[in-house]
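Enquirer:
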Amino acid sequence: MVEYGRLVAVILEVSDLERAAALYRDAFGLDLHPGDNEVDDRWIGGKHAEISWREGAYLHFALYPAKGQPTSGAQITLSVADIESAHAAAVRAGAHVLHEPRTEPWGCSGRYEDFDGNVIELTQHV
Numbered sequence: 000m001v002e003y004g005r006l007v008a009v010i011l012e013v014s015d016l017e018r019a020a021a022l023y024r025d026a027f028g029l030d031l032h033p034g035d036n037e038v039d040d041r042w043i044g045g046k047h048a049e050i051s052w053r054e055g056a057y058l059h060f061a062l063y064p065a066k067g068q069p070t071s072g073a074q075i076t077l078s079v080a081d082i083e084s085a086h087a088a089a090v091r092a093g094a095h096v097l098h099e100p101r102t103e104p105w106g107c108s109g110r111y112e113d114f115d116g117n118v119i120e121l122t123q124h125v
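The C-terminal residue of the sequence shown carries number 125 in numbering that gives the first Met the number 0, and the numbering is unbroken.
1. For V125, collect the residues of the same chain with a Cβ closer than 6 Å to its Cβ; drop the 5 residues on either side in sequence, then sort them by chain order.
2. On the criterion of 16 or more Cβ atoms from any shown chain inside 10 Å, does H32 qualify as buried, or is it exposed?
3. Could you compute how far the alpha carbon of T70 sits from the alpha carbon of N117?
4. In the DSSP output, what is D35 paired with across the bridge?
5. I'd like the list of long-range same chain contacts for Y3, defined as Cβ closer than 7 Å, with 5 residues on each side in sequence excluded.
6. Give me the Cα-Cα distance between G44 and D35, rounded to the nearest whole angstrom.
7. Could you check whether the stretch 89–107 touches the stretch 44–63, counting it as contact only if at least three pairs of C-beta atoms, one from each stretch, sit closer than 8 Å?
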């Protein structure tokens with residue numbers, strides 16, 4: 000049976016690919032790999048930075064250079080084992096802190112903004 004309706008990819012278009020990839024790698028711990036599909040396709044073509052999780056449900060995340068306006072106003076949440084260490088890494092890497100880690104109903108979360116106005120939440124679940 001084919002499963003429908005499950006999220007399998009998140010793609011953000013960014014104003015500066017190298018700068019954004021460094022932020023997501025250094026501040027948020029994503030092991031992004033460079034890619035280039037070498038096809039002329041608005042949605043999958045060209046240089047990008049990507050990571051895919053294959054344990055459990057498959058999920059692909061990628062940053063592409065903006066082909067118009069960069070993605071802005073999206074929020075993604077990443078699970079972390081130690082919120083204090085993750086917060087310190089985000090600050091060291093220059094992430095804009097929206098709020099320091101605080102207790103939420105689902106755990107302890109800090110929120111940060113990338114260079115294009117997207118929100119990255121780091122959460123240590125309880």
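Where is the CB? At the ideal position from N, CA and C, for every residue including glycine.
For clarity, every value in this text was computed on a predicted model and none was experimentally measured.
Expert: Concretely, from the data shown:
1. As a position in the sequence shown, residue 125 is number 126, starting the count at 1. Counting only Cβ-Cβ distances below 6 Å, and skipping sequence neighbours, we find G106.
2. The residue given as residue 32 occupies position 33 in the sequence shown. Counting Cβ neighbours within 10 Å, H32 comes out exposed, since fewer than 16 surround it.
3. Numbered from its first residue, the sequence shown carries residue 70 at position 71. Numbered from its first residue, the sequence shown carries residue 117 at position 118. Just so you know, the alpha carbons of T70 and N117 end up roughly 7 Å apart.
4. The residue given as residue 35 occupies position 36 in the sequence shown. Paired residue(s): K46.
5. In the sequence shown, the residue the question calls residue 3 occupies position 4. Cβ neighbours of Y3 within its own chain (closer than 7 Å, five residues either side excluded): none.
6. Taking the first residue of the sequence shown as 1, we reach residue 44 at position 45. Taking the first residue of the sequence shown as 1, we reach residue 35 at position 36. The alpha-carbon atoms of G44 and D35 are separated by roughly 7 Å.
7. no
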